[in-house]
Each structure stands twice: as structure tokens, then as C-alpha cells.
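Student:
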Amino acid sequence: MLTGRCLCGAVEFTCESASTEHNACHCDMCRRWSGGGPLFTTHAKDVTFRSEASLGRFASSDWAERGFCKACGTPMFYRFVRANAYMMSVGVFDDTSPFKLTREIFIDKKPEGYSLAGDHPRWTEAETLARMKS
Ligand SMILES: [Zn+2]
Ligand SMILES: [Zn+2]
């Protein structure tokens, strides 16, 4: 069982497991939401929130919502609604040591001003969307 929380602690969660291999998304929405950088997320199973009282949910598209703390604003997750699949922000876990960046998505949306090191797949928007549909 893994645990995590937002910056202020009003939103706490547990999950059964999470992939140690995580994404970095450079899409316009993720960069705006995160405050400028890419959003690091990882697929988590059986996510449970201790209370939904401080958890905000924003429908950012027809197929997904983004969860955040209403008190401190921490971006908690991106969720595929129909599949009920939670992509948790990597930084909200209490122990972030197991996580490793293994994929960048929407690489063609990344501004020139920063780049991430490492030898891993970098998918364009078209490549990312093709794989999300399959
Ligand atoms: Zn908070
Ligand atoms: Zn994104």
C-alpha cells in the first residue's frame, strides 16, 4: 500500500500500487496546470481518498478530469473517466524514491526553453494519441 498527500495535507490518499515508470507530459494543458513545467504522472491502482471534502475535480476534456487540493492547489491526478484510470502526480507520493522517468509525451508541444535528459522514448502528440486509443 502506497500513501501520499497534497502540500497542505487536506487531501490524503492511498493506493494499492503504482507503476515505478512515469511519464512527463509537455502538452499545453499540463504545463499551464503545473505552473510551467511538464506534468510527471504514473498509473496507480485502487486509489482511495481519505476525504473528498478538499478534493476538487475539473473536467479538462470529454474523457478526463484533473484533481487538485481546493486549499493549497496541488495537482493530484489526471484521470481517464471511462476507464477510471488514475495517473497520479509523482510528487504527491510520500516516498518518491522508486519513480523513474521513462517516457516523454507531447514532445512536439515542449517549448525550446527546457529539456529533460535521459535516453527514453519521446512521443509526439500524434504518437501519444495513437497509443492512448489502442
Ligand atoms: Zn492541500
Ligand atoms: Zn498533458
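For the sequence shown, numbering that gives the first Met the number 0 assigns the number 0 to the initial residue and increments by one for each residue that follows.
We put the CB at the ideal spot given by N, CA and C, even for glycine.
Here the structure is a predicted model, which means the values were calculated and not measured.
Using 8 Å as the Cβ pair cut-off and three pairs as the minimum, do the region 25 to 35 and the region 104 to 119 touch?
Tutor: Yes, since at least three Cβ pairs between the region 25 to 35 and the region 104 to 119 fall closer than 8 Å, the two stretches touch.
Student: Would you say S160 and F48 are within 9 Å of each other, going by their C-beta atoms?
Tutor: Here the chain covers residues 0 to 133 and nothing more, so residue 160 does not appear.
Student: Is A9 near ligand 1, judged by its Cβ being under 8 Å from some heavy atom?
Tutor: Yes, the beta carbon of A9 sits closer than 8 Å to at least one heavy atom of ligand 1.
Student: Would a C-beta distance cut-off of 9 Å place V91 and S50 closer than the cut-off?
Tutor: Contact flag unset, no.
Student: Hey, could you find the ends of the alpha helix (DSSP H) E124 is sitting in?
Tutor: From DSSP, the alpha helix (DSSP H) with E124 extends over 124 to 132.
Student: Identify whether S88 lies in helix, strand or coil by the three-state DSSP scheme.
Tutor: Here S88 sits in strand by DSSP.
Student: Which residue from A116, E103, W62, T127 puts its Cα closest to that of E20?
Tutor: Here the closest residue by C-alpha is E103.
Student: Among all the DSSP beta bridges, which residues are the ones paired with R78?
Tutor: Partner(s): E64, Y85.
Student: Would you say the beta carbon of T73 is closer than 8 Å to some non-hydrogen atom of ligand 1?
Tutor: Checking every heavy atom of ligand 1 against the Cβ of T73, one is found closer than 8 Å.
Student: By a C-beta neighbour count over all protein chains shown, 10 Å radius and 16 as the cutoff for buried, is C68 buried or exposed?
Tutor: The residue is buried, with at least 16 neighbouring Cβ atoms inside 10 Å.
Student: Measure from the alpha carbon of S16 to the alpha carbon of each residue in K132, Y85, E126, then state which is nearest.
Tutor: The candidate whose alpha carbon is nearest that of S16 is Y85.
Student: Using a Cβ-Cβ cutoff of less than 8 Å, which residues in the same chain neighbour S18 once the five nearest sequence positions on both sides are dropped?
Tutor: Excluding positions up to five away in sequence, the list reads T41, H42, A43.
Student: Mind checking who Y39 pairs with in its DSSP beta bridge?
Tutor: With the sequence shown as reference, residue 39 is identified as Phe, and Tyr is not the correct amino acid for it. Per DSSP, A23.
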